[in-house]
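Worksheet for the structure shown next.
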Amino acid sequence: TSITFQLLDMDSRSDCTLTCSLCFPSLFVFLTTVNLLDSKASQGELGWISYPQHGWEEISGVDEHYTPIRTFQVCNVMEYSQNNWLRTNWIPRQSAQKIYVELKFTLRDCNSIPLVLGTCKETFNLLYLETDDDQGSHFREHQFSKVDTIAADESFTQMDLGDRILKLNTEVREVGPMNKKGFYLAFQDVGACVALVSVRVYFKKCPYTVRNLASFPDTVPMDSQSLVEVKGSCVNHSKEEEPPRMYCSTEGEWLVPIGKCLCNPGYEEKSSTCQMCQPGFYKSTLGNTECSKCPPHSFSHHEGSLFCGCEKNYFRAEGDPVAMACTRPPSAPRNVISSINETSVILDWSWPEDNGGRRDITFTVVCKRCRSAPSGGGGLNQLCEPCRSNVRFLPRAAGLQNTTVTVADLLAHTNYTFEIEAQNGVSPLAPKMRQYAAVTITTNQAAPSPVTVIKKEKTSRNSVSLSWQQPERPNGIILDYEIKYYEKEEQETSYTILRARGCNVTLNGLKPNTAYLLQIRARTAAGYGASSPSIQFETSPDSFSISSENSQVVLIAISSAVAIILLTVLLYVLIGRFCCHGKSKHPDEKRLHFGNGHLRLPGIRTYVDPHTYEDPSQAVHEFAKELDASCIAIDKVVGAGEFGEVCSGRLKLPSKKEICVAIKTLKGGYTDKQRRDFLAEASIMGQFDHPNIIRLEGVVTRSKPVMIVTEYMENGSLDTFLRKHDAQFTGIQLVGMLRGIASGMKYLSDMGYVHRDLAARNILVNSNLVCKVSDFGLSRVLEDDPEAAYTTRGGKIPIRWTAPEAIAYRKFTSASDAWSYGIVLWEVMSYGERPYWEMSNQDVIKAVDEGYRLPPPMDCPATLYQLMLDCWQKERNNRPKFEQIVSILDKLIRNPGSLKITANTTSRPANLLLDRSSSEVTSVGTVGDWMDGMRTLPCKEAFSGVSYSSCDTLAKTSTEDLKKVGVTIVGPQKKIVSSLKALESHTKNGPVPV
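Structure representation (structure tokens):
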């Protein structure tokens with residue numbers, strides 16, 4: 001053990017500072033004391049007052065170490081009525097309230113003194129007097145207060161004097177609390193033979209120290225009863241994480257450190273200080289971590305760096321963390337290959353040889369149309385200009401993640417140059433370093449594109465005049481047009497073909513009042529192009545003709561009349577519905593209104609799968625309200641989602657009250673698929689309107705970041721909320737939460753919708769304990785057939801919440817959601833416990849397949865556990881519908897007494913198997929035993945008051961009989977009927993297995 005200490009000048013400080021790796025307790029106590037008086041430290045006379053003068057006598061001597069000291073002695077035992085006083089000089093108390101007096105003395109045994117004439121004592125008294133100033137030689141006995149009578153543990157005799165052995169006594173007494181500036185000590189002798197070897201007066205303190213990067217000053221305890229709370233100050237270059245505090249004990253010891261300080265960015269903790277990072281290192285965050293070495297291709301030349309700068313020609317993108325290496329733009333793509341097909345070209349290339357140290361590489365293809373032009377010197381120059389906007393890139397021109405692209409709708413016999421550039425996250429920062437690969441091609445001869453615009457100019461009884469526009473891409477000189485027409489009723493079995501050099505034609509010899517279909521295609525030297533879409537026209541029934549202008553007037557008039565009629569009918573229907581709305585007796589008679597503006601009728605599947613839309617923006621704008629980003633204020637980040645951050649904030653729409661909302665943001669650098677999936681969730685939520693489904697307020701898609709705004713649920717996810725409030729709710733409160741979840745799922749099921757990820761983590765809870773279903777990222781719609789199942793194309797499945805058929809065959813139905821609801825029910829009753837605990841996913845799959853079911857949670861009502869088991873029926877058709885689940889929970893809420901019987905006290909084993917084999921049956925001896933067993937089940941109310949005279953009577957019970965007594969769920973029906981058959985078959989052979 002090494003100890004380093006420094007003794008300071010006694011004039012400035014009378015204590016010392018200690019730094020050690022291991023301190024002995026006695027040394028620690030010594031160094032936490034401050035001496036106010038030490039008689040051994042004085043080399044000259046002490047100058048204390050003795051009264052009377054022939055009493056205490058000051059003499060010089062040596063201590064046990066033969067160090068010269070000044071002592072006081074008195075031994076007037078030969079005289080009667082001794083009253084000898086010795087008073088110290090005035091002692092300033094400094095900051096002490098409680099002081100300690102240490103006395104070292106020797107005392108002679110009275111029995112060893114021969115011929116004692118007076119009264120011999122073996123004790124003396126310690127007294128003190130508080131004053132605000134030095135009173136000099138003024139002395140009054142009655143002013144002093146007694147501290148204690150001092151007695152010796154060891155006394156010496158005459159024999160000890162002969163052997164020069166003196167037995168030293170040490171006594172410590174506590175004096176105080178003191179309030180005045182100083183005090184005197186006094187020693188009263190009443191007839192003893194005593195020598196004061198030394199007197200030390202001191203007080204205790206907690207010394208200056210540094211803990212958790214906070215410094216705590218010298219602190220003196222206030223009294224002997226309580227601890228002193230001391231606030232620490234952060235050392236230089238640090239900030240508080242939590243206010244640092246410690247407590248100073250009456251013994252001068254620091255106790256209970258609380259809080260700490262953290263080193264500023266650019267500083268690290270060393271030897272209880274915050275020191276700057278050395279060159280070549282950095283630290284970007286507040287904390288007590290060590291400085292990190294600069295990542296590759298970066299440097300820091302100065303101390304205390306917050307980050308490392310990039311080397312020349314290396315960069316760090318805006319979103320890159322400071323711990324990431326500096327990178328550079330990639331090299332050019334390699335091995336560009338072009339495959340020309342008439343006016344289309346397929347470009348294919350290899351990845352760059354150098355990716356610049358990044359993985360976020362994309363490709364951009366630039367198309368240029370080139371032609372030769374004469375130069376001033378008589379030669380030819382190549383002039384290139386950007387391609388027309390109608391040139392199509394498949395899949396796109398920029399942001400390509402694959403190394404191939406198809407360019408279509410080019411001009412025939414035309415030179416094109418394609419520049420292919422590889423880009424990464426730092427390419428915009430280094431425009432001069434960007435490299436590209438170029439390829440020049442010449443398109444082939446190609447047939448013209450289809451004719452798209454055809455007008456009907458004039459119609460008569462036997463003819464029609466038509467005109468059209470030249471194809472958008474003629475790809476050469478149009479030689480002529482082929483016009484093919486036929487009667488609509490003939491279905492192209494007999495048709496006529498005409499050819500025209502211009503862009504108009506008159507068809508003669510037609511039948512009056514007959515519908516015809518017509519197609520036109522253009523021909524160049526490369527051949528015929530594709531035919532135009534079929535258009536229909538009709539000849540007139542009479543001999544008059546209608547010009548194109550008159551026909552437009554007639555069409556406008558007819559359209560207006562039809563519109564007026566339709567509007568009248570619509571208003572009539574709406575007014576009738578509005579008037580009858582309040583008179584409707586049944587909820588099913590009402591129309592369903594959705595927030596997206598659609599009016600849907602009951603009995604019709606109302607959900608639309610957004611994945612059927614080619615453009616996700618079209619779906620989200622149809623079902624969700626577009627919000628102005630300026631109406632949204634983000635307060636703080638509360639979590640992270642699959643696509644970005646989840647924040648809480650406020651939404652203030654014009655002329656509406658400000659509300660709290662939750663905001664999901666789409667992180668930067670997203671792919672098209674991520675944006676499509678992100679918006680798909682909003683498109684799904686926007687179609688729902690139910691108090692137990694999370695409500696969508698709107699979306700932000702026309703500015704960045706892209707956001708989904710929903711109502712704010714104060715208590716967060718259900719599993720976390722339950723774990724935080726373990727065992728704090730009544731059974732009725734829990735059933736109320738479960739009823740809300742079931743109601744929301746019933747609504748989704750009625751819409752033909754499967755959630756696929758129903759779990760407590762995806763249920764949100766508001767301040768009123770209302771539970772709402774959320775997270776529709778895995779959800780899919782069912783077909784019109786209610787028994788249809790959605791088959792996924794892979795992807796992750798939440799094993800612990802998913803039904804066996806969904807795991808094995810990826811078949812998802814409302815019945816698989818019912819299985820998941822049973823798991824949610826178990827989570828709620830166990831206050832957020834993890835289903836199947838620490839079992840692996842493979843073990844869970846195997847156990848469930850073999851019939852294992854979760855045991856009832858602690859104090860779980862038997863009725864709720866039976867509902868769990870019904871939801872976990874292996875045969876999905878035997879599971880209850882959500883409509884039945886809501887009905888069951890409603891009955892429990894109306895009859896709370898049914899929740900008092902817990903599943904733990906029933907006859908069910910701890911780890912139930914839902915489908916027991918014949919070898920795993922329980923025996924009963926009589927029909928009465930069997931009835932008692934049935935009455936212990938959750939369906940016991942159905943058997944209350946039911947009596948059977950014999951086993952034969954029981955065995956003839958059918959499912960219809962069970963329905964009459966109230967057993968309506970398929971699962972219990974099958975179990976009871978199965979046990980009745982076993983009862984019948986074993987009646988004659990002893991105990992009846994059930």
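Following full-length UniProt numbering, the numbering of the sequence shown begins with 1 at its first residue and continues without gaps.
All C-beta atoms, glycine included, are put in the ideal place defined by N, C-alpha and C.
- DSSP places LEU869 within a helical segment (H, G or I) once states are collapsed to three.
- In the displayed model, ASP677 falls within a helix according to three-state DSSP.
- If you draw a straight line from the Cα of ALA397 to the Cα of TYR670, it comes to about 17 Å.
- Rounded to the nearest whole angstrom, the CA to CA distance from GLU645 to ALA522 is 56 Å.
- By the beta-carbon neighbour count (other beta carbons within 10 angstroms, threshold 16), PRO217 is exposed.
- For the 8 Å CB-CB criterion, LEU748 and ILE694 do not form a contact.
- Per DSSP, reduced to three states, the secondary structure at PRO68 is strand.
- Taking the Cα of ALA447 as reference, the smallest distance to any Cα among TYR528, PRO207 and TRP468 is reached at TYR528.
- Straight through space, the alpha carbons of THR67 and CYS248 are spaced by roughly 36 Å.
- If you look at LEU510, you'll find it isn't in any alpha helix (DSSP H); DSSP assigns it neither H nor E.
- By the criterion of at least three beta-carbon pairs nearer than 8 Å, the segment 86-103 is in contact with the segment 123-140.
- For PRO541, the closest alpha carbon among the candidates SER560, ILE361 and ASN513 is that of ASN513.
- Burial check for TYR208: the Cβ neighbour count within 10 Å stays below 16, so the residue is exposed.
- In this structure the segment 93-100 does not lie against the segment 50-60, because fewer than three pairs of beta carbons, one per stretch, are closer than 8 Å.
- The Cβ-Cβ distance between ARG334 and PRO321 does not fall below 8 Å.
- The Cβ neighbour count for CYS261, taken over all protein chains shown within 10 Å, is at least 16; the residue is labelled buried.
- The Cβ atoms of SER617 and THR701 sit closer than 8 Å to each other.
- For the set THR459, TYR481 and ASN462, the Cα lying nearest the Cα of GLN469 is the one of TYR481.
- Between the beta-carbon of TYR607 and that of MET751 there is about 5 Å, and that keeps the pair under the 8 Å contact cut.
- Collapsing the DSSP output to three states places SER198 in a strand.
- By the Cβ-count criterion, ARG834 is exposed, with fewer than 16 other Cβ atoms from all chains shown falling within 10 Å of its own Cβ.
- Listed in chain order, the alpha helix (DSSP H) runs fully inside the segment 261-321 amount to none, counting runs of at least 4 residues.
- Taking the Cα positions, ILE885 is about 23 Å away from GLY851.
- Nearest to PRO177 by alpha-carbon distance, out of VAL336, SER155 and VAL147, is VAL147.
- Listed as beta-bridge partners of PRO92 by DSSP are GLY182.
- Between the segment 40-57 and the segment 69-78, the count of Cβ pairs shorter than 8 Å is three or higher; the stretches touch.
- Taking 8 Å as the cut-off, the beta carbon of THR404 is found closer than this to the beta carbon of LEU347.
- Taking C-beta atoms under 8 Å as the contact rule, ALA422 and ALA332 qualify, at a distance of about 7 Å.
- Using a Cβ distance threshold of 8 Å, ILE807 and MET707 do not count as a contacting pair.
- For GLN382, the three-state secondary structure derived from DSSP is strand.
- Cβ-Cβ distances below 7 Å link ILE634 to CYS647, GLY649 and ILE663 in the same chain, with the five nearest sequence neighbours on each side left out; the list follows chain order.
- Taking C-beta separations shorter than 8 Å and ignoring five residues to either side along the sequence, the partners of GLN674 in its chain run PHE643 and LEU666, following chain order.
- Residue pairing by DSSP places LEU103 opposite GLU171 and VAL199 in a beta bridge.
- A residue is called buried when at least 16 other Cβ atoms come within 10 angstroms of its Cβ; LYS205 meets this threshold and is buried.
- By the CB criterion at 8 Å, THR443 and ILE340 fall inside the cutoff.
- Of GLU697, PRO691 and ALA624, the smallest CA-CA separation from LEU651 is found for GLU697.
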